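Participant: Following this message is one structure expressed as structure tokens.
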Amino acid sequence: MGVVLLKLLKCFGFGLLVLVTGCGQKGAPSAPWPASVKFDKLSETQKQSVSEMLMDFSKDIGTETFYFDNRSAQFQLTISLLGDQDQKSSKAGLATYNGSYCLLELSPLVFEESYQSYLQPVLWHELGHCAGMEHDKSVEEIMYYLARPKGFYSASAISHFFSSFRSEEHTSEL
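According to the working numbering, the sequence shown is numbered sequentially starting from 8.
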């Protein structure tokens, strides 16, 4: 009984966690892509998952958006796990962009097998904040403030997100 209750509490707590994604400063200018990617506090498996998603993201955008080697890039993107304080909150992710640097933090729970369907949408959402996007008012959109699992988003919503990401309004070099 205690194990079942613990699993229910974990599911309920995570349900709240993945519903809210963080955002950076309102109206922040977009990052000057491409970005040099660094990882902090992620396991090798987590790095591998995120790297593959970023490479796929670049293919979907149609240009190399992220560098993983020593080439000079216009700005730095560091991907990390949420700090202890934020892990206890309802955040699935958080992006903080300051003009030359974007810190993208992910909840460790989105890497757990049971919740991996949230990893890609949360990663995309936070990348959107690095690109200067704000939250969307439509629940169907990736930039809506509540995270949904990967299968929730329609092809139209994904296409809208990528076209917004590519637009000059949100990016300077793509």
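For each residue, glycine too, the CB sits at the ideal point set by N, CA and C. Since the structure is predicted, the reported quantities are computational estimates derived from the model, not experimental observations.
Would you kindly work out how many angstroms separate the C-alpha atoms of Thr85 and Leu153, rounded to a whole number?
Facilitator: Rounded to the nearest angstrom, the two C-alpha atoms are 23 Å apart.
Participant: Of all the beta strand (DSSP E) runs that stay within the bounds of the stretch 35-86, which reach a length of 3 or more residues?
Facilitator: Fully enclosed beta strand (DSSP E) runs of 3 or longer: 42-47.
Participant: Just reading off the alpha helix (DSSP H) that Ala164 is part of, what are its end residues?
Facilitator: Here the alpha helix (DSSP H) through Ala164 covers Ala162 to Arg173.
Participant: Can you tell me whether Thr52 is buried or exposed, with buried defined as 16 or more other CB within 10 angstroms of its CB?
Facilitator: Classification for Thr52: exposed.
Participant: Does the separation of the CB atoms of Val146 and Gly100 fall below 8 Å?
Facilitator: No. Outside cutoff.
Participant: Quick one: what's Tyr104 bridged to in DSSP?
Facilitator: Beta-bridge pairing links Tyr104 to Cys109.
Participant: Tyr152 by DSSP, collapsed to three states: which one?
Facilitator: Looking at Tyr152 - three-state DSSP - the assignment turns out to be coil, as it is neither helix nor strand.
Participant: What's the gap between the Cα of Ala42 and the Cα of Phe118?
Facilitator: For Ala42 and Phe118, the distance between alpha carbons rounds to 23 Å.
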